[in-house]
Amino acid sequence: MAPSIQAAFRTAADRHPDRIALEQGATSMDYRAPALRVTALRGALRAAGAGPGDRVALLLLRSFDLIAATLAILETGAAYVPLDPLQPSARLQSMLDDVRAKVCVVGPAAPKLNLRAAASIDPSAVAAPVDGGPVCQGTPEDAAYVMYTSGSTGQPKGVVIPHRGILRLVRDATFMTFGADTCFLQLAPTSFDAATLEIFGPLLNGGRLALMPPGPPSLSDIASAIHRHRVTTLWLTSGLFHAMVDERLEDLGELRELLAGGDVLLPSHAARVVTRWPSLRLINGYGPTENTTFTTCHTIRSVEPGRSIPIGKPIDGTSCHVIGADGREVAAGESGELFAGGLGLALGYLERPELTAEKFVCLPSGERCYRTGDRVRQLPSGEYEFLGRLDDQLKVRGFRIEPGEVEAQLSAHPKIREAAVGVREAAPGDKRLVAWYVEREPVTPEELRAFLNGRVPDFLVPSAMRAVPKLLLNLNGKVDRATLPDPFPKAQAVPAVAKTEMERGVLELYREVLKTPHASPSQNFFELGGTSLHIALLHERLEKKLGTTVAITRLFEFPTASQLAGHLTNGQGDVGLGARAQQMAQRQKAAQAAAAARGRKP
9 MAPSIQAAFR TAADRHPDRI ALEQGATSMD YRAPALRVTA LRGALRAAGA GPGDRVALLL
69 LRSFDLIAAT LAILETGAAY VPLDPLQPSA RLQSMLDDVR AKVCVVGPAA PKLNLRAAAS
129 IDPSAVAAPV DGGPVCQGTP EDAAYVMYTS GSTGQPKGVV IPHRGILRLV RDATFMTFGA
189 DTCFLQLAPT SFDAATLEIF GPLLNGGRLA LMPPGPPSLS DIASAIHRHR VTTLWLTSGL
249 FHAMVDERLE DLGELRELLA GGDVLLPSHA ARVVTRWPSL RLINGYGPTE NTTFTTCHTI
309 RSVEPGRSIP IGKPIDGTSC HVIGADGREV AAGESGELFA GGLGLALGYL ERPELTAEKF
369 VCLPSGERCY RTGDRVRQLP SGEYEFLGRL DDQLKVRGFR IEPGEVEAQL SAHPKIREAA
429 VGVREAAPGD KRLVAWYVER EPVTPEELRA FLNGRVPDFL VPSAMRAVPK LLLNLNGKVD
489 RATLPDPFPK AQAVPAVAKT EMERGVLELY REVLKTPHAS PSQNFFELGG TSLHIALLHE
549 RLEKKLGTTV AITRLFEFPT ASQLAGHLTN GQGDVGLGAR AQQMAQRQKA AQAAAAARGR
609 KP
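The numbering of the sequence shown is the numbering used here, which starts it at 9 and goes up by one.
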């Protein structure tokens, strides 16, 4: 095995210089082109002071330069720190302050930040140098990246992942296949650890990486990318997986492997995929960031009625132990906390020795493991079944959320005395982050949402918030969330009536997507509990049912049914019903033809 990611990439580039490595839209690059671009950026990074042991912040949107900069940072011997430039400035600034990057690679989409004396590089301004200097070969134990996750203290925490963790994930993998004919769609934000699999899986094995354009994708955008780039492999969060199965099942037939996870998968949706596309390999992937993306995987061949979907067995180079309250390993079939170890294990938390010592522990055997906080049991098959959390940590839309971080941000508002955060399920599989708060002075959920939007990313903004007189505690001294009232807005006594046919159609879709049968035309989609995933569903159904095409960003700009209907009525849609239906029919026919060519039944 190569000693580092950069060594594996250079080997793949040297062996297959003429193969296509990167695609985005209508543009592509063979392995020779990104290798030269990496060399140029490596030289610029070195000139700026980056070297072994340093950390380099990345604030770039999905692009060829993002991939080249990531590899170039590794070739200097430094670790990259992926930060989503679309997140609020305050949160980005707190992570930059914490990581103390030597250099920042910053694109035009990044907000103005205090770089704390770090050198700054705009990759678009970097030309090829005469000599980029030698590639630092590195070792498997070197830090490859620092990825920030939600922190219980109110501040994100940086997880330090070594090269060995990524190499164990994508080289000689048996839980899925990587090869020259692999085309992986890069869809996840680079600050989300699924991007590790998406980026390095194809590029370290001579395959193709197809990058989605920057910005929030619609379901039709994902379907179009699958068809356009002949995507073989796709990773989806559980929520996005459920949405694609509901709205775009036919488009999944072109795939060879589909990985889903980040939260519990609905058996009903998994069953629909394996029934419709039996030759498609559907994989349930489980794992915390602290163990490099995946710890266990389960290939779903059938779904047992009334049973949850197992999270599977440990992937190669990984060990799992189920530990009871007494600190000893329990027998198969008994429940306990999952401890994960092996080559994927993180080095620890950046500059957090106490937390590292608490979460990364040695078993009596001497093996170092990460305490996942997940309660599991081992099935007779040897696979593991997820049973829930042992602490307050939440999983929503594939993101791991510490309630303490959101509670701390809410309590920072001058009109809030204290707050509690939890999860409510509007429908099976539709989990939403919600909050309750005790006021110092009267404050509306709209004010609090605007306050949070400037401080945390959208997945940390509760879908609904409600004022309560006080937060009751249980016998353990923790907030008793079971006693808290329903936080979602109630129906108006006399619901407002839609004024036009278009407004009526949009309002019906609002109610359908958000499971709020009495929403009015003037109510804000997000204040009704909508998230970016609900926006994707709304966009898809608008196109299908109302026969109009509109940019998904417009749904953020016009958040009430009345506003959106007015926008659509004023001729802002791009394609009428007949043309839209024809497009969908053509795409479905192409998907079935591609599946048939691979030997599947349409």
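Glycine included, each C-beta is placed from N, C-alpha and C at the ideal position.
Note that the coordinates shown come from a computational prediction; the quantities given were computed from them, not determined experimentally.
Nearest residue (CA-CA) to F564, options G159, F533, M252 | Position 556 of the sequence shown holds residue 564. The option with the nearest alpha carbon to F564 is F533.
The beta strand (DSSP E) spanning F407 covers which residue range?
-> Looking up residue 407 in the sequence shown gives position 399. Its beta strand (DSSP E) spans residues 407-409.
For I319 and R588, the rounded distance between their alpha carbons = Within the sequence shown, residue 588 is the residue found at index 580, counting from 1. Within the sequence shown, residue 319 is the residue found at index 311, counting from 1. Any reading at R588 must be qualified, since the residue scores a pLDDT of 36, below 50, and its modelled position is unreliable; no value is offered.
Would you mind stating whether G406 and G295 have Cβ atoms separated by less than 8 Å?
-> Mapped onto the sequence shown, residue 406 falls at position 398. Mapped onto the sequence shown, residue 295 falls at position 287. Cβ atoms of G406 and G295: not closer than 8 Å.
Spatial distance of D189 from R238 (CA atoms) | Walking along the sequence shown from the start, residue 189 turns up at place 181. Walking along the sequence shown from the start, residue 238 turns up at place 230. Answer to the nearest angstrom: the Cα atoms are 10 Å apart.
Where N578 falls, given that 16 or more other Cβ within 10 Å makes a residue buried | For this step, residue 578 is matched to residue 570 along the sequence shown. Its Cβ having fewer than 16 others within 10 Å, N578 is exposed.
State the DSSP-derived secondary structure class of I560, mapped to helix, strand or coil.
-> Sequence index remark: in the sequence shown, residue 560 carries index 552 (1-based). Note: I560 maps to coil in three-state DSSP.
Which first and last residues belong to the alpha helix (DSSP H) in which H575 is found?
-> Taking the first residue of the sequence shown as 1, we reach residue 575 at position 567. It spans 569-575 - the alpha helix (DSSP H) in which H575 sits, taken as one unbroken run.
Continuous alpha helix (DSSP H) assignments of at least 4 residues falling wholly in the segment 369-442 = 411-419
Top-ranked residue by Cα proximity to V167, from T35, D201, A506 = Here the question's residue 167 lines up with position 159 in the sequence shown. Measuring from the Cα of V167, the nearest candidate turns out to be D201.
Option nearest F169 by Cα separation, candidates K321, A34, S12, A231 | In the sequence shown, the residue the question calls residue 169 occupies position 161. The displayed chain sequence assigns Ile, not Phe, to residue 169. Ranking K321, A34, S12, A231 by Cα distance to I169 puts S12 first.
Does the Cβ of G33 have 16 or more other Cβ atoms within 10 Å, making it buried, or fewer, making it exposed?
-> On the sequence shown, position 25 is the one that residue 33 refers to. So G33 counts as exposed.
Backbone secondary structure at G581 - three-state DSSP | Within the sequence shown, numbered from 1, the residue matching residue 581 stands at position 573. For G581, the predicted structure reports a pLDDT of 45, less than 50, and the residue's modelled location is therefore unreliable. A value from the coordinates is still provided. Three-state DSSP puts G581 in coil, outside helix and strand.
Assign K507 to one of three DSSP states: helix, strand, or coil.
-> For the purposes of this step, residue 507 is taken as the residue at position 499 of the sequence shown. K507: coil per DSSP, three-state reduction.
Might you give, ordered along the chain, the residues of its own chain that have their beta carbon closer than 6 Å to the beta carbon of S160, omitting 5 neighbours on each side?
-> Sequence index remark: in the sequence shown, residue 160 carries index 152 (1-based). Cβ within range, chain order: E410, G412.
Alpha carbon to alpha carbon, how far is E415 from A428?
-> Within the sequence shown, residue 415 is the residue found at index 407, counting from 1. Within the sequence shown, residue 428 is the residue found at index 420, counting from 1. Distance between the alpha carbons of E415 and A428 is about 6 Å.
Terminal residues of the continuous beta strand (DSSP E) containing V107?
-> In the sequence shown, residue 107 corresponds to position 99, counting from 1. No beta strand (DSSP E) contains V107, which is instead part of the alpha helix (DSSP H) from 97-107.
What are the boundary residues of the alpha helix (DSSP H) that includes Q14?
-> As a first step, residue 14 must be located in the sequence shown, where it is residue number 6. Segment 13-23, the alpha helix (DSSP H) holding Q14.
When burial is assigned at 16 or more other CB atoms within 10 Å of the CB, is N292 buried or exposed?
-> Locating residue 292 in the sequence shown gives position 284, where the first residue counts as 1. Result: buried.
When the Cα of S158 is compared with those of Q417, D488, T524, A135, which residue comes out closest?
-> Residue numbering aside, residue 158 sits at position 150 when the sequence shown is read from its first letter. Ranking the options by Cα distance to S158, first place goes to Q417.
Compare the C-beta of P322 with all C-beta atoms of chain C and state if any pair is closer than 8 Å.
-> Absent from the structure is chain C; it holds one protein chain and no more.
Check the C-beta distance from F249 over to L273 and give it rounded, since I have them as a contact under 8 Å.
-> Along the sequence shown, one-based indexing puts residue 249 at 241. Along the sequence shown, one-based indexing puts residue 273 at 265. Indeed they touch by this definition, with Cβ atoms about 7 Å apart.
Please find out if some non-hydrogen atom of the ligand COA comes closer than 7 Å to the beta-carbon of D22.
-> Because no ligand of any kind appears in the structure shown, any question about the ligand COA cannot be addressed here.
DSSP state of E265, grouped into three classes?
-> Against the sequence shown, residue 265 aligns to sequence position 257. In this structure, E265 counts as strand in the three-state DSSP scheme.
Within its chain, find whatever has a CB closer than 7 Å to the CB of E337; leave out the 5 residues flanking it on each side and keep chain order.
-> In the sequence shown, residue 337 corresponds to position 329, counting from 1. H329, V330, I331, listed in sequence order.
Strand pairing of H306, partner residues [DSSP] = In the sequence shown, residue 306 corresponds to position 298, counting from 1. In the DSSP output, where bridge partners are listed per residue, H306 has N292.
What is the DSSP secondary structure of E298, reduced to helix, strand or coil?
-> Here residue 298 corresponds to residue number 290 of the sequence shown, with the count starting at 1. Correct three-state label for E298: helix.
Given that a residue counts as buried once 16 or more other Cβ atoms are within 10 Å of its Cβ, and exposed if not, what is E312?
-> What you label residue 312 is simply residue 304 of the sequence shown in a count that begins at 1. Exposed, because fewer than 16 other Cβ atoms sit within 10 Å of the Cβ of E312.
Is S470 buried or exposed, if buried means 16 or more other CB atoms sit within 10 Å of its CB?
-> Looking up residue 470 in the sequence shown gives position 462. Per the sequence shown, residue 470 should be read as Pro rather than Ser. Classification for P470: buried.
Can you tell me whether DSSP reads S71 as helix, strand or coil?
-> As a working mapping, residue 71 is identified with position 63 in the sequence shown. Three-state result, S71: coil.
Would you call R448 buried or exposed, if buried means 16 or more other Cβ atoms sit within 10 Å of its Cβ?
-> Numbered from its first residue, the sequence shown carries residue 448 at position 440. Classification of R448: exposed, given that the 10 Å Cβ count is below 16.
Backbone secondary structure at P210 - three-state DSSP | If you number the sequence shown from 1, residue 210 lands on position 202. Three-state DSSP puts P210 in a helix.
On the three-pair Cβ rule with 8 Å, is the segment 209-216 touching the segment 174-187?
-> yes
Does the segment 135-145 come close enough to the segment 14-26 that 3 or more CB-CB pairs lie under 8 Å?
-> yes
Between I234, D180, R549, which lies nearest to G325 when the distance is taken from Cα to Cα?
-> As a first step, residue 325 is located in the sequence shown; it is residue number 317 there, counting from the start. The candidate whose alpha carbon is nearest that of G325 is D180.
Can you tell me whether DSSP reads K552 as helix, strand or coil?
-> Locating residue 552 in the sequence shown gives position 544, counting from the first residue. Looking at K552 - three-state DSSP - the assignment turns out to be helix.
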